[in-house]
Amino acid sequence: LYGEEQAGALLERIEQMEMDIFGASQEGPVLLRIERINAFLESPHGDKGGLQLFLNLSEWGFTTGVNMADPLLKRLENMETILLGSPQEGNIAHRTEQIMLLVWGTTKLDIKTVDLPEASLVKVALLDTVDSGTAQVGDYVSYKVVENVMVDGRIVIPAGSAGRAKVLEVSSAKRLGRDGRLVLEFGRIASLDGSTVKLRVDERATEENKSLELAAGASMAGVILLGPVGLVGGYFVKGKDVRIEKNVEFFVETERAAKVSGFLLRGAAK
142 LYGEEQAGAL LERIEQMEMD IFGASQEGPV LLRIERINAF LESPHGDKGG LQLFLNLSEW
202 GFTTGVNMAD PLLKRLENME TILLGSPQEG NIAHRTEQIM LLVWGTTKLD IKTVDLPEAS
262 LVKVALLDTV DSGTAQVGDY VSYKVVENVM VDGRIVIPAG SAGRAKVLEV SSAKRLGRDG
322 RLVLEFGRIA SLDGSTVKLR VDERATEENK SLELAAGASM AGVILLGPVG LVGGYFVKGK
382 DVRIEKNVEF FVETERAAKV SGFLLRGAAK
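Sequence positions in the sequence shown follow the numbering used here and run 142 to 411.
Below, the structure written as structure tokens:
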């Protein structure tokens, strides 16, 4: 919520969070009060939603992106500043509802838990060019989802969601035709409800990417996207360094099946 550990005894911190979130200290055993706070902050399932879900929907609806990097309170203040000119007064629950009403006109969500299958395709694009001649093991390169991932007509991973790929292996091209090599691990991407989904390049993404080589133009010429079963994606260019230009679109896929919230972006039926 705050982005850093708060000072004070446990009960004092619980009471402060309740005041910040609900506007008043709550009753009940400590564990129940903690559970109530967590339910408000996360609560990915159910039509009442929660702070993270409301912020994800509001950010995506207004900015076509979801910012999972900042603390929840900072994200709320940022949305208030964008929409209203400055952070607002009052408890967080009320302020969050007001943002939802401004963006979507409702706090009632058409939500359904759906099964996101293993090997579901996710189209992404790097935000920076990566080159095996300059990259180092441990480097990160940001990427974004460029098309909504849908299940049964419901959005589960929205376009604009951001992730970071990590360079696991790299070697520059050598003489005698030795290939440049760059191996990226795509890590996890947040779904619209805030739960994360592991991504990789494997057989299905590799097959789809073959058809993208020509469509993507010269920046992808000669690049072969490989993904042996069980391994992270490998990118090879025969006889020269691997260079993947920013904004070139290609596919990765989900590593395993997951239950996530799927959204029809309209008011839930009463």
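Just so it is clear, CB atoms sit at the ideal spot from N, CA and C, and this is done for glycine as well. What you are looking at is a predicted structure, and each value in this text was computed from that prediction instead of being measured.
Beta-carbon contacts of residue i that lie in its chain and below 7 Å, excluding the five residues immediately before and after
{"i": "Glu156", "result": "Ser166"}
{"i": "Ile175", "result": "Ile155"}
Check whether residue i and residue j have beta carbons under 8 Å apart
{"i": "Leu142", "j": "Met158", "result": "yes"}
{"i": "Phe163", "j": "Ala210", "result": "no"}
{"i": "Ala300", "j": "Thr395", "result": "no"}
{"i": "Glu336", "j": "Val207", "result": "According to the sequence displayed, residue 336 carries Ser and not Glu. No; because the gap between Cβ atoms is not below 8 Å, this pair is not in contact."}
{"i": "Leu196", "j": "Met220", "result": "yes"}
{"i": "Val244", "j": "Gly202", "result": "yes"}
{"i": "Val265", "j": "Phe391", "result": "yes"}
{"i": "Pro212", "j": "Gly144", "result": "yes"}
{"i": "Val278", "j": "Val263", "result": "no"}
{"i": "Leu194", "j": "Asp334", "result": "yes"}
{"i": "Arg295", "j": "Leu214", "result": "no"}
Close Cβ partners of residue i (< 6 Å) along its chain, the five nearest in sequence each way excluded
{"i": "Val282", "result": "Leu267, Asp269, Val271 and Ala306"}
{"i": "Val297", "result": "Leu257, Val290, Ser332, Val401 and Gly403"}
{"i": "Thr205", "result": "Gly301"}
Closer than 7 Å: residue i CB and nearest the ligand MG heavy atom
{"i": "Val393", "result": "Ligands in the displayed structure: none, and consequently the ligand MG is not present."}
Beta-ladder partner(s) of residue i, from DSSP
{"i": "Arg341", "result": "Glu394"}
{"i": "Ala399", "result": "Leu257"}
{"i": "Ala303", "result": "Lys285"}
{"i": "Phe404", "result": "Ile252 and Ile296"}
{"i": "Glu153", "result": "DSSP, once it has assigned bridges, lists no residue as partnering Glu153."}
Close beta carbons around residue i, own chain, < 8 Å, minus the five adjacent residues each side
{"i": "Gly231", "result": "Gly164"}
{"i": "Ser313", "result": "Ser273, Gly274, Gly321 and Asp382"}
{"i": "Gly328", "result": "Gly304, Arg305, Ala306, Lys307, Lys339 and Leu340"}
{"i": "Thr254", "result": "His186, Lys400, Val401, Ser402 and Gly403"}
Quiz item: Counting Cβ pairs, one atom from each stretch, are 3 or more of them under 8 Å apart for the segment 341–351 and the segment 236–243?
Solution: no
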